[in-house]
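Structure first, commentary second.
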Amino acid sequence: MKFPFYLLAFFVTSVCAAQQLTYKPMNPFFGGEVFNYQMMLSSANAQNSFKDPASTKPKNTSSLNQFSERLNSQLLNQISRQLFSDSFGSELKEGTFTLGSLSVEIYDSQQGMVINILNTENGEQTQIIMPTN
13 MKFPFYLLAF FVTSVCAAQQ LTYKPMNPFF GGEVFNYQMM LSSANAQNSF KDPASTKPKN
73 TSSLNQFSER LNSQLLNQIS RQLFSDSFGS ELKEGTFTLG SLSVEIYDSQ QGMVINILNT
133 ENGEQTQIIM PTN
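Residue numbers for the sequence shown follow this note's numbering, so the first one is 13 and each next one is one higher.
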């Protein structure tokens with residue numbers, strides 16, 4: 013007697029089951045579970061090879077070092093103010109001036125007094141516009 017293969021196909025297919033597959037993102041920012049946040053953050057921090065340059069500096073400086081830095085800053089500010097007042101007087105004069113590696117150009121425009129500062133060593137440039145009254 014021959015075994016009917018259609019019965020075998022019927023039994024095999026009746027045992028198989030299917031379900032609907034759905035995608036659910038893990039990241040809570042894209043609709044995933046909120047409870048996955050801490051796990052994903054710790055995983056990202058563990059894989060992060062970049063270091064903050066500010067964190068490599070010593071945080072606890074002594075009071076003496078802080079005082080010394082503040083004193084140096086105040087002395088440099090006073091010297092620069094004195095040099096500025098000796099060079100320009102009480103008002104800014106138009107023209108181009110060279111102070112070390114800085115080239116300073118001062119001119120009057122419709123917007124007010126314009127000061128262009130160029131660092132000739134690295135090419136950094138700053139523009140300051142002081143409106144006239």
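Don't be surprised by glycine CBs; every beta carbon is placed ideally from N, CA and C.
* To do: Please state whether DSSP places Y119 in a helix, a strand or coil.
  => The answer is strand: DSSP assigns Y119 an E or B state.
* **Three-way DSSP call (helix, strand, coil) for M38 in this model** => Three-state DSSP puts M38 in coil, outside helix and strand.
* Confirm, please, whether the CB-CB distance from E136 to N128 is below 8 Å. => No; because the gap between Cβ atoms is not below 8 Å, this pair is not in contact.
* Alpha carbon to alpha carbon, how far is A56 from F146? Give it in angstroms, no decimals. => Residue 146 falls outside the range modelled here, since the chain spans only 13 to 145, and no answer is possible.
* With DSSP run on the structure shown, which of helix, strand or coil describes F62? -> For F62, the secondary structure class from DSSP, reduced to helix, strand or coil, is coil.
* Just the C-alpha distance for M125 and S97, rounded to the nearest angstrom, thanks. => Taking the straight line from one Cα to the other gives about 17 Å.
* To do: Sort N84, M51, D120 by Cα distance to I140 and report the nearest one.
  => Of the listed residues, the one whose Cα sits closest to I140 is D120.
* **For A30 and M148, the rounded distance between their alpha carbons** => It is not possible to answer for residue 148, since the shown part of the chain is limited to 13 through 145.
* Three-state class that DSSP yields for Q139 in the structure shown -> Strand.
* Asked: Which stretch, first to last residue, makes up the beta strand (DSSP E) that contains N134?
  -> Looking at the DSSP string, N134 is not in any beta strand (DSSP E), and its letter there is neither H nor E.
* To do: May I have the straight-line CA-CA distance separating M51 from Q32, to the nearest angstrom?
  => Each residue's Cα considered, the two are about 28 Å apart.
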